[in-house]
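Per the numbering used here, the very first residue in the sequence shown carries number 39; after that it's consecutive. The C-beta atom is built at its ideal place from N, Cα and C for all residues, glycine as well.
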Amino acid sequence: MRPEVRGRRGDPDHAHRRGETSLTRGRRSRGRGRSRGRGRSRSRPRGRRRINGRLQRIESGAAFVIPDEGDEDIFVRARDLGSAVDGDRVTVRIDDRGRRGPRGIVIEILDRAHSHVVGVFHGERGHGWLDATRPKLGIDVLIPARGRGAAESGDLVVVEVTDWGEEGPGPAGRVERVLGPSGDSAAAVLAIQVGYGIPDAFPEAVEEAATALAARGIRPADLEGRVDCRRDRVVTIDPADARDHDDAISIERLPDGARRIGIHIADVSHYVREGDGLDAEAWERGTSVYLVDRVLPMLPHALSSDLCSLVPGEDRLTLAAFLTVDRRGTLRGTRFARAVIRSAHRLSYEEAQEALDGETTPATERDTGLREDLRALLEVSRGFRDRRRARGSLDFDLPESRIVLDEEGAPIDVRRRERLDSHRLIEDLMIAANEAVASWAIEEGVPALYRIHEEPNPEKLDTLRLLAGEFGLSFPQRNPRPRDFQRLLDAVKGRVEEPIISVQVLRSLAKARYETRNEGHFGLASPAYLHFTSPIRRYPDLVLHRQLARWLAGPARAREISGEWLSATARHASAREENAARAERDSVELKKVEFMERHVGDHFDGTISATARFGFFVRLDAVDIEGLVHVSRLAGDHYVHDRTKHALRGRRTRRSYRLGDAVEVQVARVDREALRVDFDLV
């Protein structure tokens, strides 16, 4: 059996990304071979602003343009997009201001985000068309007979777009590669990978460079100037199936009762030097990608799974943050150093939890002091967490899906992932390290890539406020702070509406991104935050490592970095991370849909999780899966959507289906291409 899908770890922003898009949000209808409009440039009226930015499509088919520089996002109606699709860099002309803010029209496409698209080929003889589903661009692509190659109807294919339809009826292209039948599990995940432009193999020269470094290993010269921590009890705690281990922790008890926490992060910057081939490839990828059945690393396995992985019993180079905490759990001091460690134990979260609970494990049998260290680390981590909560930091505890696959990659179970104390321990310590490095960068005036999280969108807050009121809960009318969100989450803890409120809180928050200026982190209620703890899988962390290493060698060197390059890296890393997050979500949702295919006709209990004019969504109690009950399948009445009450009401019977209602449903239909599950109400 294949290992269970692994999730991100040590990343508080991950909580803000969970649940952002539903499994079952349907695609809008489209005509075959048509784009949403023509893309000819329009003349520029005098006095009207033109803004360049990246286009981001929303479920309705409309889009927002996120400006290159710090302007407001610009709303663009579907009919005003021309031939632009999600991810394109465009010029938009601002025409007026609506309730969503500035509204504009796309007048020029500066840079196409996609030269290739992936989807299902349809057509029997002669020409056909591609239903572009990876990524979901909301278009069909015409495939002339001479461009279909060996594709058969129903195949998953990669299509090169040769004409975006700027001067004609719609996009056209040719089949470049057949991935396999649309019903094949492995081909479906490969379609997601290829569709989102995530490379698998590394260039030969990059692989050779990584292999040469791994073969060379650690030389005596590499240890010069490093703090020797090889006698310390250093441990890693990761998912059971993790292939890379880029962080490790230790604890030292000081004579005055204080404790020094060692947070060791793999010193990737020692091997991946700025400007070399490895660095260029890592910059381009931006992040590792964790699809449901495969890992697509930012660095070759010779580094990510070998030389830079903090495996037990082997000398490994680290960049360390030593946090000194007094008896009362207050952070008393921070020190950074280049170090060398030899990990004593590689623990899974489950093994670490067993040790914390007092159970005997192979590791605690071999090392009697391990359990005491883990409990002391947990105590310190709880102190960090309590202080974060006191300042208003959000603590989401949403259920995560754990998908179990068979040898062929087919899903055999969808379980809820339990959040353990061992998970919280690592998360708390990694957040503390990230904040410590952010404070250092500000105090020393060192240019850095900050992880910023801006204040919520007012319109989305209105929705949250109405929803809270429906459940008899209060939420501030103006300028809510993080602690107001946390009070709301605490108020629904353990109640049937907890997942509904939690998801809406998530949707009301802005997305975190990288920036060269510190603007704080709203979700963490942190005055300064950045990413430092995962340089194996995130390029911004590697940038921070280089800056800290330069400062340790001589503070002036760390201030010489190009601001223009740093800004470009922030934008690129944010875009690559968002692309990876979408691919990861699609791969998980795909397996959920595959899992439900074997349950067509079965009955499940669930809770209404969202309402719309076309029906309502139901989240199942037994598994973390959501499906749609379409309004057309509600017999006996005509149902109207009440937005303020989050309900569908029958005009004749006055029967209503409200957010939070418990219902029983039957699985009626599963659409793998649309990643959609349809339910009938029982």
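Report all residues from its chain with a CB closer than 8 Å to the CB of Arg115; omit the five preceding and five following residues, and keep chain order.
Within the sequence shown, numbered from 1, the residue matching residue 115 stands at position 77. Only Ala100 and Arg141 meet the Cβ criterion.
Tell me whether the beta-carbon of Asp317 lies closer than 8 Å to the beta-carbon of Ser572.
As a working mapping, residue 317 is identified with position 279 in the sequence shown. As a working mapping, residue 572 is identified with position 534 in the sequence shown. Cβ atoms of Asp317 and Ser572: not closer than 8 Å.
Spatial neighbours of Arg651 in its chain, beta-carbon cut-off 7 Å, leaving aside the 5 residues before and after
On the sequence shown, residue 651 is found 613 positions in, with the first residue counted as 1. Correct list, in chain order: His679.
Delimiting residues of the beta strand (DSSP E) encompassing Asp201
Translated into positions along the sequence shown, residue 201 becomes position 163. Asp193 to Asp201 is the extent of the beta strand (DSSP E) around Asp201.
Can you tell which of Arg88, His641, Arg693 and Ile89 has the C-alpha that lies nearest to the C-alpha of Gly674?
Residue 674 sits at position 636 when you count from the first residue of the sequence shown. Nearest of Arg88, His641, Arg693 and Ile89 to Gly674, Cα basis: Arg693.
When burial is assigned at 16 or more other CB atoms within 10 Å of the CB, is Gly371 buried or exposed?
Here residue 371 refers to the residue found at position 333 when the sequence shown is read from its first residue. Exposed: under 16 other Cβ atoms inside 10 Å.
Gln231: buried (16+ other C-beta within 10 angstroms of its C-beta) or exposed?
On the sequence shown, residue 231 is found 193 positions in, with the first residue counted as 1. Classification for Gln231: buried.
From Glu162, Pro173 and Lys174, pick the residue whose C-alpha is nearest to that of Gly187; which is it?
As a first step, residue 187 is located in the sequence shown; it is residue number 149 there, counting from the start. Taking only the C-alpha atoms, the option nearest Gly187 is Glu162.
So what's Tyr552 in DSSP terms, helix, strand or just coil?
Working through the sequence shown from its first residue, we reach residue 552 at position 514. Note: Tyr552 maps to strand in three-state DSSP.
Give the straight-line distance between the Cα atoms of Glu389 and Thr399, rounded to the nearest whole angstrom.
Here residue 389 is taken as the residue at index 351 of the sequence shown, counted from 1. Here residue 399 is taken as the residue at index 361 of the sequence shown, counted from 1. Whole-angstrom Cα-Cα distance: 7 Å.
Within 10 Å of its beta-carbon, does Arg533 have 16 or more other beta-carbons around it, so buried, or fewer, so exposed?
Looking up residue 533 in the sequence shown gives position 495. Label assigned to Arg533: exposed.
Over what stretch of residues does the alpha helix (DSSP H) that includes Gln231 continue unbroken?
Within the sequence shown, the letter at position 193 stands for residue 231. The continuous alpha helix (DSSP H) containing Gln231 extends over residues Ser223 to Gly233.
In this structure, how does DSSP classify Ser153 when only helix, strand and coil are distinguished?
Mapped onto the sequence shown, residue 153 falls at position 115. Note: Ser153 maps to coil in three-state DSSP.
Just to confirm my understanding: we take Phe509, look at its own chain, exclude 5 residues before and 5 after, and list those with CB closer than 6 Å. What are they?
Start at 1 with the first residue of the sequence shown, and residue 509 comes out as number 471. Correct list, in chain order: Glu535.
3-residue-minimum beta strand (DSSP E) runs that sit fully inside the region 336 to 407, ordered along the chain:
353 to 363, 369 to 380 and 383 to 386
Apart from the five residues on each side of it in sequence, which residues of its chain come closer than 6 Å, Cβ to Cβ, to Pro335?
Within the sequence shown, numbered from 1, the residue matching residue 335 stands at position 297. Within the same chain, Pro335 has close Cβ partners Ser326 and Ser342.
Answer yes or no: do Ala239 and Leu194 have a C-beta to C-beta separation smaller than 8 Å?
Counting from 1 along the sequence shown, the entry for residue 239 is found at position 201. Counting from 1 along the sequence shown, the entry for residue 194 is found at position 156. No; because the gap between Cβ atoms is not below 8 Å, this pair is not in contact.
For the candidate residues Asp364, Thr649 and Ile490, whose alpha-carbon lies nearest to that of Leu686?
On the sequence shown, position 648 is the one that residue 686 refers to. Among Asp364, Thr649 and Ile490, the Cα nearest to that of Leu686 is on Thr649.
For a quick check, are the C-beta atoms of Leu697 and Ile646 less than 8 Å apart?
If you number the sequence shown from 1, residue 697 lands on position 659. If you number the sequence shown from 1, residue 646 lands on position 608. Yes, they are a contact pair.
Where Ala151 and Val130 are concerned, what is the direct C-alpha to C-alpha distance, given to the nearest angstrom?
Position 113 of the sequence shown, counted from the first residue, corresponds to residue 151. Position 92 of the sequence shown, counted from the first residue, corresponds to residue 130. Going from the Cα of Ala151 to the Cα of Val130 covers about 16 Å.
List, from N- to C-terminal side, the beta strand (DSSP E) runs of 3 residues or more that fit wholly inside the region 465 to 546.
List check, beta strand (DSSP E) in window: 488 to 490.
Under the DSSP definition of a beta bridge, which residues are partnered with Glu146?
Taking the first residue of the sequence shown as position 1, residue 146 is located at position 108. For Glu146, which the question treats as bridged, DSSP gives the partners Thr129.
Going by Cα to Cα distance, which pick from Ile379, Asp353 and Gly315 is closest to Asp270?
Counting from 1 along the sequence shown, the entry for residue 270 is found at position 232. The residue with the shortest Cα to Cα distance from Asp270 is Ile379.
Which two residues bound the contiguous beta strand (DSSP E) that contains Ala318?
Here residue 318 is taken as the residue at index 280 of the sequence shown, counted from 1. Run containing Ala318: none in the beta strand (DSSP E); it sits in the alpha helix (DSSP H), Gly315 to Arg323.
From this set, Arg212, Pro209, Ala229 and Gly211, which residue's C-alpha is nearest Gly218's C-alpha?
The residue given as residue 218 occupies position 180 in the sequence shown. Checking every option, the nearest Cα to that of Gly218 belongs to Ala229.
Pull up the distance between the alpha-carbon of Asp266 and that of Val272, whole angstroms please.
Reading the sequence shown from its first residue, position 228 is the one you call residue 266. Reading the sequence shown from its first residue, position 234 is the one you call residue 272. Spanning the two alpha carbons is a distance of roughly 12 Å.
Helix or strand or just coil, what does DSSP make of Leu432?
The residue you call residue 432 lines up with position 394 of the sequence shown. In the structure shown, Leu432 sits in coil (DSSP, three-state: anything other than H, G, I, E or B).
Are the region 546 to 564 and the region 447 to 463 touching, with three or more C-beta to C-beta distances below 8 Å?
No, the region 546 to 564 is not in contact with the region 447 to 463.
In angstroms with no decimal places, state the Cα-to-Cα distance between Arg135 and Phe102.
The residue you call residue 135 lines up with position 97 of the sequence shown. The residue you call residue 102 lines up with position 64 of the sequence shown. One C-alpha to the other measures close to 13 Å.
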